[in-house]
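A.B. asks: I'd like to ask you about the structure that follows.
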Amino acid sequence: MHGADPRLVLGLHRSRHHRDILTAALDLGITTLDTAAPYLGFRSHAVLAETAADLLPKFTLSTKVGFFPSPGGAEHSLDPVRLRLAVERAARELGREPDTVLLHNPERSLAGLSHADGHALLGHACTALADAARDGLCRVWGVASWDTRSLGMVQVDDLPSPDVLMVRAGFLVGVDLLDATTALRAVWQAGETWGMSPFGGGHRKVWEEFDPRPFLRSPHDGLSRVQAAFRTAFHLPSAAAVAVGTDDPGHLAQLVEALGAEVDASAVSQYVRALHGHRQS
Ligand SMILES: NC(=O)c1ccc[n+]([C@@H]2O[C@H](COP(=O)([O-])OP(=O)(O)OC[C@H]3O[C@@H](n4cnc5c(N)ncnc54)[C@H](OP(=O)(O)O)[C@@H]3O)[C@@H](O)[C@H]2O)c1
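Each residue of the sequence shown is one higher than the last, beginning at 88 in this note's numbering.
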């Protein structure tokens, strides 16, 4: 049994939602779970409640709203009334209030709108989640954005500031996206940044060709390339936590072990500078 470490968030996007990965997580001190209304074909909340009702109180739980079932599969909406109902539904399905509710990829409904319309739509959606937190339907609220470039097109500085901003993280994130996230964070003072998807959902072959271990302060202490990639993701961009997916308790144990490594922040800065230089050349 390990002490709890909130830096690793077990993400359920690709998960089979089997109980064994949840019990393994608790044994390893992983007590933060991230899901979303549409995961597992819109059944994630219900399946968690069915298979792990006794475990859920032991986790800090985040979920996301913004996608809704539709005849074509899923549709996105920032309608504040639908968002409010979705937060209420999440608590009902889970059998408990989630700790954090994130607006799920708001950029999906902002594409093609004028700046003024996008600003108003995003503002109403953020207010709906802030109100849900105020009313006790969740503890805090936030925004999860797959593409902060689109979100940056909307002026956000006078919108409610999210408690959590969840963004793509790690070596597979391009410099344009890293810059967009930096710019967004500069104007929208989120309480905490969480990284997500440090392996881009898989792509194991990348780590056969690229060794990120030199980004660790002690690169030869036995950690693998995958472990080094995960640990460095906390600095690309700087994040308090990173949501990562696995159905394999052994893989989860490796990720927990990687948390003990220290990243060479100056090497990461040099890498980002090199990416900028490469883009300009
Ligand atoms: N827009 C959004 O809001 C959004 C979008 C994407 C992701 N997310 C969040 O981020 C979480 C993670 O994203 P993700 O699952 O797409 O991508 P990910 O964490 O980058 O990649 C997951 C993949 O990495 C593999 N993996 C994990 N640990 C490993 C290890 N130690 N060794 C080898 N392979 C390993 C897993 O395979 P095994 O199962 O075999 O370990 C799985 O296939 C999601 O669950 C969700 O919480 C949010």
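All C-beta atoms, glycine included, are put in the ideal place defined by N, C-alpha and C.
Does the Cβ of D335 lie closer than 7 Å to at least one heavy atom of ligand 1?
C.D. replies: Indeed, a heavy atom of ligand 1 lies less than 7 Å from the Cβ.
A.B. asks: Can you find the residues in the same chain that come closer than 8 Å, C-beta to C-beta, to G223, ignoring five residues on each side of it along the sequence?
C.D. replies: Only E184 meet the Cβ criterion.
A.B. asks: Check whether the region 181-195 touches the region 134-150, taking contact to mean three or more Cβ pairs, one atom from each stretch, closer than 8 Å.
C.D. replies: Yes: the two stretches touch, three or more of their Cβ pairs being nearer than 8 Å.
A.B. asks: Could you say which of S237, A354, C213 and G153 lies nearest to P301 if we only look at CA atoms?
C.D. replies: When each option's Cα is compared against that of P301, the closest is A354.
A.B. asks: Is the beta carbon of L346 less than 8 Å from the beta carbon of I108?
C.D. replies: In this structure, I108 does not lie closer than 8 Å to L346 by Cβ.
A.B. asks: Q341 to A207, Cα distance in whole Å?
C.D. replies: Approximately 44 Å between the Cα atoms of the pair.
A.B. asks: Run through DSSP, which three-state label would W233 get?
C.D. replies: If DSSP states are grouped into helix, strand and coil, W233 belongs with coil.
A.B. asks: Go ahead and pull the three-state DSSP assignment for S157.
C.D. replies: S157 falls in the strand class under three-state DSSP.
A.B. asks: V96 and T119 - do their beta-carbons sit closer together than 8 Å?
C.D. replies: Result yes, Cβ atoms of T119 and V96 sit closer than 8 Å.
A.B. asks: Taking three-plus beta-carbon pairs below 8 Å as touching, is the region 274-282 in contact with the region 320-337?
C.D. replies: Contact holds: three or more Cβ-Cβ distances are below 8 Å.
A.B. asks: Is H206 near ligand 1 - that is, is its Cβ less than 7 Å away from at least one heavy atom of it?
C.D. replies: Every heavy atom of ligand 1 is 7 Å or more from the Cβ of H206, so no.
A.B. asks: Report, in whole angstroms, the separation of the C-beta atoms of P193 and G153, which I expect to be a contact under 8 Å.
C.D. replies: Yes, P193 and G153 are in contact; Cβ-Cβ is about 6 Å, under 8 Å.
A.B. asks: So, under 8 Å CB-CB, L190 and A231 are touching, yes? Tell me the CB distance rounded to an integer number of Å.
C.D. replies: So it is a contact: roughly 7 Å between Cβ atoms.
A.B. asks: Who are the Cβ neighbours of T269 in its own chain at under 8 Å, not counting the five residues just before and after it?
C.D. replies: Taken in chain order, the residues that qualify are P324.
A.B. asks: Run the proximity test for F129: is its beta-carbon closer than 7 Å to any non-hydrogen atom belonging to ligand 1?
C.D. replies: False, no ligand heavy atom lies under 7 Å from that Cβ.
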